Amino acid sequence: MTSQVSSTAEQADGAVVGEQRTAAGPKDVRRLDRVIIRFAGDSGDGMQLTGDRFTSETASFGNDLSTLPNFPAEIRAPAGTLPGVSSFQLHFADHDILTPGDAPNVLVAMNPAALKANIGDLPRGAEIIVNTDEFTKRAMQKVGYDSSPLEDGSLDGYHLHPVPLTTLTVEALKEFDLSRKEAERSKNMFALGLLSWMYHRPTEGTERFLRTKFAKKPDIAAANIAAFRAGWNFGETTEDFAVSYEVAPAAKAFPPGVYRNISGNLALSYGLVAASRQADLPLYLGSYPITPASDILHELSRHKNFGVRTFQAEDEIAGIGAALGAAFGGSLAVTTTSGPGVALKSETIGLAVSLELPLLVVDIQRGGPSTGLPTKTEQADLLQAMYGRNGEAPVPVIAPRTPADCFDAALEAARIALTYRTPVFLLSDGYLANGSEPWRVPDPEELPDLRVQFAQGPNHALADGTEVFWPYKRDPRTLARPWAIPGTPGLEHRIGGIEKQDGTGNISYDPANHDFMVRTRQAKIDGIDVPDIEVDDPHGARTLVLGWGSTYGPITAAVRRIRKEGGRIAQAHLRHLNPFPHNLGTVLAAYDKVVVPEMNLGQLATLIRAKYLVDARSYNQVNGMPFKAEQLATALKEALDD
4 MTSQVSSTAE
14 QADGAVVGEQ
24 RTAAGPKDVR
34 RLDRVIIRFA
44 GDSGDGMQLT
54 GDRFTSETAS
64 FGNDLSTLPN
74 FPAEIRAPAG
84 TLPGVSSFQL
94 HFADHDILTP
104 GDAPNVLVAM
114 NPAALKANIG
124 DLPRGAEIIV
134 NTDEFTKRAM
144 QKVGYDSSPL
154 EDGSLDGYHL
164 HPVPLTTLTV
174 EALKEFDLSR
184 KEAERSKNMF
194 ALGLLSWMYH
204 RPTEGTERFL
214 RTKFAKKPDI
224 AAANIAAFRA
234 GWNFGETTED
244 FAVSYEVAPA
254 AKAFPPGVYR
264 NISGNLALSY
274 GLVAASRQAD
284 LPLYLGSYPI
294 TPASDILHEL
304 SRHKNFGVRT
314 FQAEDEIAGI
324 GAALGAAFGG
334 SLAVTTTSGP
344 GVALKSETIG
354 LAVSLELPLL
364 VVDIQRGGPS
374 TGLPTKTEQA
384 DLLQAMYGRN
394 GEAPVPVIAP
404 RTPADCFDAA
414 LEAARIALTY
424 RTPVFLLSDG
434 YLANGSEPWR
444 VPDPEELPDL
454 RVQFAQGPNH
464 ALADGTEVFW
474 PYKRDPRTLA
484 RPWAIPGTPG
494 LEHRIGGIEK
504 QDGTGNISYD
514 PANHDFMVRT
524 RQAKIDGIDV
534 PDIEVDDPHG
544 ARTLVLGWGS
554 TYGPITAAVR
564 RIRKEGGRIA
574 QAHLRHLNPF
584 PHNLGTVLAA
594 YDKVVVPEMN
604 LGQLATLIRA
614 KYLVDARSYN
624 QVNGMPFKAE
634 QLATALKEAL
644 DD
């Protein structure tokens, strides 16, 4: 094929804009500009692994992509039930895209529960591939089907492909010395092979992955590869799949460079390692496992060769206590958690504010309150990060906007912490943590210099000329106090949670000193150097949509849709939430309307109203899922017309 389908950034996340059909051997090949696929089944069906492998091959092919893994909230949800459905959605395209997509073009349903849980998201005309072997009377009754949806006409509006995946997989593996139960476990690889054929995905990487993953069990590796190949061959030979599809690489979407697919938690982990190298400091992570932050602990534990030390503590309080001790000892200190863990860490964060030591507090937000929705996403920890401590204890807050941006956000959090000697909140969330996209691997020369100078000797002269070390004597530009490593001769000093005397650091109960120290710590945070917020407003709009964190993709996709239809709307996105960019007030005042979409009940909007006296309008969602672009576009159109 030589012709191409034209596509622009404004078409991202919209409808398929064109197709080209050509003959390729015995079957037709249809050219698409984008596809959204969702794999769904029981949590034990390997849907996340299947999605991960399809994503990896798609990334190696050169498509732009965005993913949305969706896990059951329970560790071992009952099999065959709606709460037990696990899904993985992948949106890939030949152009720049921003979200995992609103509605799947293809659903792979491994059982009746997967079909019922996801059918409501499918547009008419979508393709459905179902594992007919699982559509037994009992399995269907378990999820409320009185009759088989494969036979009662309820799926007539879709392109249904009934495939006995389990039977075909067992048949393909009969030459292996496996029990039927063991053979059935490979049905996800059969499905992956079929989808790989349908969308012309590379196969070598998956086969190499399986050989590596099951290197100690070569028979299992061979069986999975055989199932994968059988799925590919089934697509090639069956009459039910008369068409395969091609989505060209997104050559124009990426600047030149070396790219890899990366999830938010992996990018954040790499960012922390890079920050420690750029600061020339050992990296110390004190953490307690918690969904969805545990992947960072797992990943960093693999990088001891880069001077990384990880400590899995017995609880959240011990984790941050160890991290703060490591900061006192001269490490780039990090603690990772989610919302419930932040609540437990709050006293120690306040201690870090008082001690004025650099500490990164990474909060991968999830649905709350309390245990809430461990595997679902939310943005509801902003006010907790801002104010969730006793006393006046200001802490800088920053938030990445995409999975790949988690790398840069980690570097920025480290810059602020090290420069200003303060704990820093980094607010990611489950959507970013588990989602993935292409990431350009930066050259080391592009990374910021984060090196700091430890205190080496006396820094103050007394009235009699004696030179002494004052641990709270401040840099006049940053208001940061010196960072003195324990054991440095002559720099011995006392730390603790009781208020410090200005300069000397001695315990002080003096009211005037306390007032001064409180105001000085606040002034230090207010004076942090952060970039001005940039506004995307090509048409002179009167309405501004303001976002933060992971809403960037859906907001940008929605704004593109509105502009494509002739609407005028401006967009700005906050990375720095405390302090706000210095020009934010001027930007907000320039618009008649300000709309703030958030996955909470209006926390940023509350801060904006209070600080800038702007009538910011909230658009909120707290259902554990990210915004859909069409949903946001509809809401923003209503704001424009209001």
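Numbering of the sequence shown is given in this note's numbering, commencing with residue 4 and proceeding in unit increments. Glycine included, each C-beta is placed from N, C-alpha and C at the ideal position. Computed from a predicted structure; not experimentally measured.
What separation, rounded to the nearest whole angstrom, lies between the Cα atoms of residue i and residue j?
i           : j           : result
residue 596 : residue 602 : 20 angstroms
residue 67  : residue 153 : 34 angstroms
residue 221 : residue 214 : 7 angstroms
residue 335 : residue 69  : 31 angstroms
residue 321 : residue 355 : 14 angstroms
residue 535 : residue 184 : 59 angstroms
residue 242 : residue 159 : 19 angstroms
residue 296 : residue 340 : 6 angstroms
residue 367 : residue 345 : 10 angstroms
residue 257 : residue 449 : 17 angstroms
residue 629 : residue 312 : 34 angstroms
residue 493 : residue 461 : 7 angstroms
residue 599 : residue 490 : 50 angstroms
residue 180 : residue 212 : 22 angstroms
residue 643 : residue 541 : 16 angstroms
residue 563 : residue 188 : 43 angstroms
residue 517 : residue 503 : 8 angstroms
residue 58  : residue 48  : 17 angstroms
residue 466 : residue 473 : 14 angstroms
residue 482 : residue 423 : 7 angstroms
residue 156 : residue 150 : 10 angstroms
residue 246 : residue 73  : 29 angstroms
residue 305 : residue 273 : 11 angstroms
residue 236 : residue 200 : 8 angstroms
residue 208 : residue 102 : 25 angstroms
residue 210 : residue 370 : 37 angstroms
With which residues is residue i paired in a DSSP beta bridge?
i           : result
residue 442 : 263
residue 293 : Note: residue 293 sits in no beta bridge, so no partner.
residue 546 : 596
residue 475 : 506
residue 193 : Looking at the DSSP assignment, residue 193 forms no beta bridge with any residue, so it has no partner.
residue 44  : 89
residue 70  : 93
residue 622 : 600
residue 38  : 95
residue 314 : 289
residue 2   : Outside the shown range of the chain, which is 4 to 645, sits residue 2, and nothing can be said about it.
residue 134 : 166
residue 486 : Partner(s): none; residue 486 has no beta bridge.
In the DSSP assignment, find the unbroken alpha helix (DSSP H) run with residue i in it and report its ends.
i           : result
residue 533 : Neither: residue 533 is in no alpha helix (DSSP H) and is coded neither H nor E.
residue 513 : Residue 513 -> no alpha helix (DSSP H), and no H or E assigned at all.
residue 390 : 385-390
residue 331 : 319-331
residue 423 : 408-423
residue 433 : 433-437
residue 221 : 221-240
residue 63  : 50-64
residue 555 : 555-567
residue 634 : 632-644
Where does the unbroken beta strand (DSSP E) through residue i begin, and where does it stop?
i           : result
residue 90  : 88-96
residue 338 : 335-340
residue 30  : 30-35
residue 581 : 579-581
residue 112 : 109-112
residue 249 : 246-250
For the putative contact between residue i and residue j, defined by C-beta atoms under 8 angstroms, what is the C-beta separation to the nearest angstrom?
i           : j           : result
residue 127 : residue 148 : No, residue 127 and residue 148 are not in contact; Cβ-Cβ is about 20 angstroms, not under 8 angstroms.
residue 111 : residue 43  : 7 angstroms
residue 438 : residue 394 : Not a contact, Cβ separation roughly 37 angstroms.
residue 360 : residue 337 : Not confirmed; about 13 angstroms, so no contact.
residue 565 : residue 639 : 6 angstroms
Original post:
Would the segment 157-170 and the segment 129-137 be scored as touching if the rule is three or more Cβ pairs under 8 angstroms?
Top reply: With three or more CB-CB distances shorter than 8 angstroms, the segment 157-170 counts as touching the segment 129-137.
Original post:
Between the segment 565-572 and the segment 614-631, do three or more beta carbon pairs fall short of 8 angstroms?
Top reply: When C-beta atoms of the segment 565-572 are compared with those of the segment 614-631, fewer than three pairs fall below 8 angstroms, so the two segments do not count as touching.
**OP:** Would you check if there are 3 or more beta carbon pairs closer than 8 angstroms linking the segment 53-68 to the segment 188-204?
**Re:** Touching, yes, given that three or more Cβ pairs across the two stretches are closer than 8 angstroms.
Original post:
Hey, is the segment 275-293 in contact with the segment 245-263, meaning 3+ C-beta pairs nearer than 8 angstroms?
Top reply: Three or more Cβ pairs closer than 8 angstroms define a contact, and the segment 275-293 falls short of that threshold against the segment 245-263.
Subject >> contact_flag[the segment 257-273, the segment 408-415] where n(CB pairs < 8 angstroms) is 3 or more >> reply: Pairwise C-beta distances place the segment 257-273 in contact with the segment 408-415, as three or more of them are shorter than 8 angstroms.
Original post:
Taking contact to mean at least 3 C-beta pairs separated by less than 8 angstroms, is the segment 575-583 in contact with the segment 524-542?
Top reply: Between the segment 575-583 and the segment 524-542, the count of Cβ pairs shorter than 8 angstroms is three or higher; the stretches touch.
Subject >> Stretch pair the segment 544-556 + the segment 423-435: three plus CB contacts closer than 8 angstroms >> reply: The segment 544-556, when compared against the segment 423-435, does touch it at the 8 angstroms Cβ threshold.
Original post:
Should the segment 270-284 be regarded as contacting the segment 316-332, the criterion being three or more beta carbon pairs within less than 8 angstroms?
Top reply: With a cut-off of 8 angstroms, the segment 316-332 and the segment 270-284 do not count as touching, because too few Cβ pairs lie within range.
Original post:
Per the contact definition of three or more C-beta pairs closer than 8 angstroms, is the segment 85-95 in contact with the segment 218-232?
Top reply: The segment 218-232 is not in contact with the segment 85-95.
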